[in-house]
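First residue of the sequence shown? That's 1 in the UniProt record's numbering, and the numbers climb one at a time after it.
Ideal Cβ placement from N, Cα and C applies to all residues, glycine included.
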Amino acid sequence: MGQSSKLIAEVFRCFICMEKLRDARLCPHCSKLCCFSCIRRWLTEQRAQCPHCRLCPVLTCGH
Numbered sequence: 001m002g003q004s005s006k007l008i009a010e011v012f013r014c015f016i017c018m019e020k021l022r023d024a025r026l027c028p029h030c031s032k033l034c035c036f037s038c039i040r041r042w043l044t045e046q047r048a049q050c051p052h053c054r055l056c057p058v059l060t061c062g063h
């Protein structure tokens with residue numbers, strides 16, 4: 001994999017599960033990307049705020 005491909009893969013990785021993004025969502029405060037299932041699980045089982053920047057409320061609009 002080339003250097004630019006590695007950088008692109010890193011950008012499109014969920015910061016919660018560290019896997020390739022699935023049904024991506026974006027935090028409107030810190031612009032971190034995560035999978036819908038990961039952020040939904042975090043918001044319902046942990047806290048109603050972004051696990052990266054800790055700001056709330058987190059809007060999980062990805063489209």
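Among residues of its own chain, excluding the 5 on either side of residue i, which ones have a beta-carbon nearer than 7 Å to its beta-carbon?
| i | result |
| --- | --- |
| CYS53 | CYS27, HIS29, CYS30 |
| SER4 | none |
| GLN46 | none |
Whose C-beta lies closer than 8 Å to the C-beta of residue i among residues of the same chain, with five residues either side of it excluded?
| i | result |
| --- | --- |
| GLY62 | Bear in mind that the predicted position of GLY62 carries a pLDDT of just 45, short of 50, making it too unreliable to give a figure here. |
Verify whether the separation of the beta carbon atoms of residue i and residue j is less than 8 Å.
| i | j | result |
| --- | --- | --- |
| CYS17 | CYS38 | yes |
| PHE12 | LYS6 | no |
Within a Cβ cutoff of 6 Å, which residues of the same chain sit near residue i, ignoring the five residues on either side of it in sequence?
| i | result |
| --- | --- |
| LYS32 | PHE15, HIS52 |
Exercise for the section: Run through the UniProt domain "RING-type" (14-54) for me and flag every whole alpha helix (DSSP H) of 4 or more residues, listed as ranges in chain order. Expected result: 36-45
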